[in-house]
Each structure stands twice: as structure tokens, then as C-alpha cells.
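**Q**
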Amino acid sequence: MRKPAGFFYLGGTTPVAAQENLLEKGFQLAYFIFPSRSAALRILAGALNKLKVQRGRESRRSYWRDKHLKRGITRIIREESDALQWLIFYEADAYEKEQEEKSIPSVQEMVVRYIKNLVRMTTAMSSFYVNVGLHRLVHNYSTAETQRVYEAVTDRYPGADEYRRAKGALMEKLSRRFNGLLKTFRTQHGELRFEAMMAEEQGTWAQLVEACLKAFTPWSTATACPVPRNFDAAQVKLPPRLSGDGTEKIDANEVEINRCHAFIDPICYGRLMEALTFAPPAERLALPRFYMESARHDDTTNQPPRTSSLTEHERKALHDQLADQESRRRRSDPQFVSVVVAGAERARIDLGQQNDRTFQLQEGDEMIELHTSAEGEDLLLAVYPVAYTEWQGIAAAQDTLWRGRAGRLELTITPQPDAGDAQRSAIVALSFNPSPLASWLPGFSSANVRGILPRLALPALALLALGFVAGKLATGPRARQGANAGTALTVKPPPQSPDTHAPPEPGLTAQMFRGELSATLSPDDLATRGEGSPDAAVTIPPQVVLVNLALPVSSDYAHSTFRLALKRFMNNHEILTVHSVVARSSKSGPLVEFPVPAQLFAESGEYVVDLRSIGAGGKLEEVNTYTFQVVKRPR
């Protein structure tokens, strides 16, 4: 698993070649949106940095089983590729605005930006908003026609008022984004619309619009159009991956992303219009007129811009920049944080004291960012995508926005009651809860350790303190069994406690010695390839005070120094971190030992250890992850 120089690594289980291709695809998309090579590299770097921060919320492991998909879903959980694509849309906005303030962009550039921003805004909300945005604000299909399309695809029936409200919210957001470059008017029937280009102009941009929609279709769905050829809406129901119905279990995230695909992709979209006997999309274009002084018309080819592929030097620079950002986040101990939405600061919190802040979100707000200043530069700490209901605006939410040495920042989002035709909104309440103790041993940090120390026996404390000295446990007197990982782990109890005996499973066993439990875990890359078991279980009896986890590593890492972090599965919060650990030798190869107080396993469930090597300059390189099941026996 050692990475060559310049290798780019997002994490997770995506193959190396696929990640390299994703990096190139992201760069070309950034250049398509903003045709400047240097700016496209900065856009890609910013998107990747946000993806690194966000990945704990929106990533999945390839070996997930059905039990993981039963958990409630409060927002679209994007595949890694879709998340990067959307973040490139999001990151490009600041560069676009800066250029629009300093110079006059071309009409072609403005057409690309208009469609990109509409896709970005709507895919952050739901497929309902995508349907409204593409039908009503890129094309001029009526409200009734837009309703029919959504009902045919989803078998859901929002009222006409919901369509009008969603269109109004999107127009308001687009007007703010383009800041005077768009003008509105009212039709004879009182409908508010953007002033559009002349009818003869619309056709000249049809090819560019199609190229934009292809580029902006969710990448994870690009090779599988969910609308069948020759689809007849009157005779045939759409497949379950669009409707969500059927006898097979359907992933709600895939259904929602597939619906977005059907409303964006020109081929799928065209099939839908034909099936419903509506005019083809190219005949119903309604691009707005952009009011710019001396607008440039020097790009009449309507061909999307392209540039040469990323060089090895550029790939390495991206990798180094991301590693530097990650390292700065780990070293940071912020005194204040700034909460940013849509590029504007909404709240500033002093972490030196308990603090509460509130601010308002408007329908259409997409992401909450948390920043601080470190080493004289801005530092991104956290991002939080705003969750939406299908068509009733912002969803309620309660979560931990950020957790650091100083404490944790809790977030609560409360939707406000509807006020007629007014734009929907929500109140965000932020509450900072300081930690009573930042850390209690050098190289050892954990918010959850605080409060349990008085209950830990003195011998266990001694073991913990000595456990962080390299090689101590490797030379201890106790025996260890089962160096080969792969099957379920169980406890082999001490002879003096026959009443707690549990027969060991075949294969690997864990051993308990004087209140300490030792267990060897299987690396996740083996589990992903089917060579190991992702469901290995460690059973912890009540008398255990210390769990010593042994982590097999490749011989390439025999002389490396490591950082270890314990987390709950699907939760980016680090329960426990240990630095400057070295591997010990064993008959089966190098092992890294991770002593964990048993009480940090607060409840039964899945946990994961993230193992990273520490390189020159403190840079971290991901080595492997180790996912396992904890079963806590009651007292």
C-alpha cells in the first residue's frame, strides 16, 4: 500500500487508477467551468480539501452489508465522485464572481455559469428542485407540464403551489448570485420570469446547453440512463431505481441520484419529453439575457473548452497541498471559529468560553462552513451540507458540527413555519461546549476519556501510560494467540472466572490477562477483497479495563512511526488518538499495538481504527483501516 511520489489519495476503497482518473475528470470539469489552467487547479484543490473534510459524512465502504443501509437517511449521501463534482461547482463560484467584478465575461461563459449554478443549487436540495429548475428556468415548460414529468418519474404528487414556490426560491437565489445581470418581468398571467434571449438566439446555444448538461449529470450515473428507450409513459411504469417501488430493496440515495440524472441528462430528458408527447427540449430553451456592458461575443463555436491533462508535477502539487491542509488541521488549536454560509460570515464564536449563537438559513442555502485562522492563514475545519425535504424546504437536523481539543460545537437546525408565499427559512442554533480538560497524557487525546479516569483502576492507568512507550507491550510477559486475522474474535476468560466462560469461535481468539483483553484485527483491504471478514467481533466482559488491539501491517512499514485513531463506524469523530507508535515484530509479521481503555467503547456496535504512518515533516500517509464489531457484556 506504499504510494509513489505524486500519488493522490482520497481515502476509502476506490482503486488507485480510478482515483487518478477522478482527479483528471475533476480538473477537466473545473477548466470547462472556468477556462484558466491555474484557476482550475485552485478550484480542484479547494474542492478536494472540502471533500477530505466532508468524506466522513458522505463516504461508503465497498463491503457494506444490508444492515448498514437500514439506517435513516436525512440527505442525499453522494458517491465520492458525485461529491467531488458538486464541490467543484461550489468552489468555482468565488472565482466566477471575482472575474465578473473585475472584467466582462463572454456570453458563452455566462451560459455555462447559469446552468452550472442552477444544477449546483438544485442538486443540493432534491430531485424535485432539479425538475423545477431545469423545466422552468432553462426551458419554458409550463407548471402543469413540469408537474406531469415529476409525477411520471416519481409517482409523487406535490400541489401546484409547491412548484411555484420552488421556482420563486430558485429565481431569488439566481438573482442574488448574478447580482443585477438578470432582469425579471411579469407575464400577462402575472407569472414572474427572467427576461430571455430572443427566440432566434436560443437555438445558437442549444449545442452548448447539451454539453453543459452532459458534463453536469451526476458522474456516478453517467453510464446508465434510467429511462428506457421507447419509453411509453401511458403503458409502462418506470424502473424501480427511478420510482423507488418494487419487490427488491432500493437504496433511497440511488433513487434520488437517478431522478436527478433523468432531469439533467439530455438523452434521458429527451426520452421523457417524447414519452409525454411534449416538445423536444431544444425547441423550448429559455436562457436568460445577461445585461452586461459591451458583452463579448467572440466565442461562437459553442464548443466546451478543453485543456491538456494534468502533469505529474501538478498532481504532486495537489497532493502536497492537501497533505499540508490536513496537517494544519491536526495541529490547530483554534481560539475562535467563523461560521460561513454562501461566502458570508454568519457567526463568530470564542472558544475560550461557552458560547451560543443563532442565525437564519434561507431556502436554497447549501452548506455551512467552519473556518479559523492558523499560522496566519485561513483554515477550513468543517463543512456541513444543509439537508432538505423532498419539496418542503430545509429539514430539521441536530448534529455535532465540529469537535476539537477545546470542546465541541453542536448544531441544531429548526425549520420555521410557512409564511404564505414568503421564502422558507430555518434557524440554526450553535452551542459550544468547552472540554474540562484538553488532554491527560502526552500524545494522547480524547474527549470521551474525561470523566472516566477516576473510575479506572491504578494498574490500568499504569498500563495505559506505559502503553504509549514504543515497544513496551511487545516485551511484556503475557502470551498472545492467533496472529492470523479473518474469523470472529471472542474472549478466552481467565481460569478463575468460570462463570463468564464463552466458548471461542474457530480460528482467531482474543486473550484476557488480569483485566486486559488482547485481540488481533483484520485489515479492511483484506475484507474488501473477500480475504478477511468485515464482521470480526470483540466481546468485552465487564471486568476488562484495557483492550489491546494488535494491527497487522505490511513489512514495508516495519520501521515506520504511526498515528492511530479510534472512531465509530460512519462517524468521523476520533474517540482516541495515539501518536509516535512503532511496530513490533511477530511470527506473522509486523504488528502495531493500540491500547484502548475499555470504557471508551461506550456501547456495542461497529468501530474502526484508522492507521497512518508519519513521514518527513509530519506528513501522514494512510496505511489501512481496521473495522470490527464490539459486543459489551452487561454486568
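Whatever position you read off the sequence shown (first residue = 1), add 1134 for the numbering used here.
For each residue, glycine too, the CB sits at the ideal point set by N, CA and C.
1. A1164 to D1454, Cα distance in whole Å?
2. Determine contact between the region 1222–1234 and the region 1175–1184, defined as no fewer than three beta-carbon pairs at a distance below 8 Å.
3. Out of Q1677, A1699, L1655, point me to the one whose CA is closest to P1724's CA.
4. With a threshold of 6 Å on Cβ separation, who are the neighbours of T1546 within its own chain once the five nearest residues in sequence on each side are excluded?
5. Report the residue from T1288, M1332, L1271 whose alpha carbon sits nearest the alpha carbon of W1525.
6. Using the beta-carbon count (16 or more within 10 Å), is M1332 buried or exposed?
7. L1347 and V1361: beta carbons closer than 8 Å?
8. Hey, would you say I1167 sits closer than 8 Å to K1250, going by beta carbons?
9. Beta carbon of Y1263, beta carbon of H1269: below 8 Å?
10. K1753 to D1458, Cα distance in whole Å?
11. Decide yes or no for the touch test of the region 1492–1500 against the region 1552–1561: beta carbon pairs closer than 8 Å, at least 3 of them.
12. Please work out which residues of its chain come closer than 6 Å, Cβ to Cβ, to A1478, disregarding the five sequence neighbours upstream and downstream, and give them in chain order.
13. Which of the three DSSP states, helix, strand or coil, is assigned to Y1741?
14. Span of the beta strand (DSSP E) holding R1463?
15. Measuring CA to CA, which of T1534, N1758, A1750 is closest to D1744?
16. DSSP state of Y1518, grouped into three classes?
17. If you run the structure through DSSP and keep just helix, strand and coil, what is N1758?
18. Using 8 Å as the threshold, is the C-beta distance between L1680 and A1732 below it?
19. For P1768, which residues of its own chain have a beta-carbon under 6 Å away from its beta-carbon, when the five flanking residues on both sides are left out?
20. For a test of the three-state rule: what should DSSP assign to L1597, helix, strand or coil?
21. Mind pulling the alpha helix (DSSP H) runs of 4 or more residues that sit fully within the region 1216–1271?
22. How far does the alpha helix (DSSP H) with N1706 in it reach, from first residue to last?
23. Whose C-alpha, out of Y1691, Y1741, P1686, M1426, is nearest the C-alpha of K1721?
24. Closest by CA to L1185, which one among F1566, K1701, L1156, R1418?
25. Using the beta-carbon count (16 or more within 10 Å), is S1631 buried or exposed?
26. Does the Cβ-Cβ distance between T1257 and C1394 come in under 8 Å?
27. Output yes or no for whether 8 Å exceeds the beta carbon distance between A1485 and V1283.
28. Going by DSSP in three states, E1500 sits in which element: helix, strand or coil?
29. Going by beta carbon distance, what residues of the same chain come within less than 7 Å of K1766, once the five residues before and after it are set aside?
30. Measure the C-alpha to C-alpha separation of P1519 and N1705 and round it to an integer number of angstroms.
31. Can you tell me whether N1265 is buried or exposed? The criterion is at least 16 other CB atoms within 10 Å of its CB, across all chains shown.
32. Using three-state DSSP, classify A1152 as helix, strand or coil.
33. Tell me which same chain residues have a C-beta within less than 8 Å of the C-beta of A1528, skipping the five on either side of it?
34. Tell me, please, which residues DSSP counts as bridged to L1725.
35. Select from Y1691, V1712, S1689 the residue whose C-alpha is nearest the C-alpha of R1697.
36. Pull up the distance between the alpha-carbon of G1206 and that of G1378, whole angstroms please.
**A** The structure says:
1. In a straight line, the C-alpha of A1164 is about 19 Å away from that of D1454.
2. Three or more Cβ pairs closer than 8 Å define a contact, and the region 1222–1234 meets that threshold against the region 1175–1184.
3. If you compare the alpha carbons of Q1677, A1699, L1655 with that of P1724, the shortest gap goes to L1655.
4. Same-chain partners within the cutoff: Q1532, A1563.
5. Considering only alpha carbons, the answer is T1288.
6. Counting Cβ neighbours within 10 Å, M1332 comes out exposed, since fewer than 16 surround it.
7. One thing to note: L1347 has its Cβ no nearer than 8 Å to the Cβ of V1361.
8. Yes, they are a contact pair.
9. Result no, Cβ atoms of Y1263 and H1269 do not sit closer than 8 Å.
10. Cα to Cα, K1753 sits roughly 7 Å from D1458.
11. Counting Cβ pairs under 8 Å, three or more are found: they touch.
12. Closer than 6 Å at the Cβ level, and outside the excluded window around A1478, lies no residue.
13. DSSP places Y1741 in strand when its eight states are reduced to three.
14. Where R1463 is concerned, there is no enclosing beta strand (DSSP E), although the alpha helix (DSSP H) it sits in stretches over 1446–1465.
15. Here the closest residue by C-alpha is N1758.
16. Strand, per DSSP.
17. Reduced to three states, the DSSP call for N1758 is strand.
18. Contact: yes.
19. Nothing meets the Cβ criterion.
20. Below a pLDDT of 50, predicted positions are generally treated as unreliable, and L1597, at 44, falls in that range; the measurement from the model is reported next regardless. Three-state DSSP puts L1597 in a helix.
21. With a minimum length of 4 residues, the continuous alpha helix (DSSP H) runs that stay inside the region 1216–1271 are 1241–1257, 1261–1267.
22. No alpha helix (DSSP H) holds N1706; DSSP gives it neither H nor E.
23. The residue with the shortest Cα to Cα distance from K1721 is P1686.
24. Checked all of F1566, K1701, L1156, R1418; the closest Cα to L1185 is L1156.
25. Its pLDDT being 39, under 50, S1631 is placed unreliably in this model, and the coordinates cannot settle the point.
26. Contact flag set, yes.
27. Checking the sequence shown, residue 1485 turns out to be Leu, not Ala. For L1485 and V1283, no; Cβs fall outside 8 Å.
28. Here E1500 sits in coil by DSSP.
29. Counting only Cβ-Cβ distances below 7 Å, and skipping sequence neighbours, we find I1674, F1735, E1737, S1738.
30. When rounded, the distance between both Cα atoms is 15 Å.
31. A buried status is given to N1265, since no fewer than 16 other beta-carbon atoms sit within 10 Å of its beta-carbon.
32. Of the three classes helix, strand and coil, the one that applies to A1152 here is helix, per DSSP.
33. For the sequence presented, residue 1528 should be read as Ile rather than Ala. The beta carbon of I1528 sits closer than 8 Å to those of L1495, E1497, D1499, V1520, A1521, Y1522, I1547, P1549, R1558, S1559, A1560, all from its chain and outside the five residues before and after it, given in chain order.
34. Answer is P1686, R1718, bridged to L1725.
35. When each option's Cα is compared against that of R1697, the closest is V1712.
36. Bear in mind that a pLDDT of 31 at G1206, under 50, signals an unreliable position, so the number given afterwards is only what the model happens to contain. Rounded to whole angstroms, G1206 to G1378 spans 16 Å at the Cα level.
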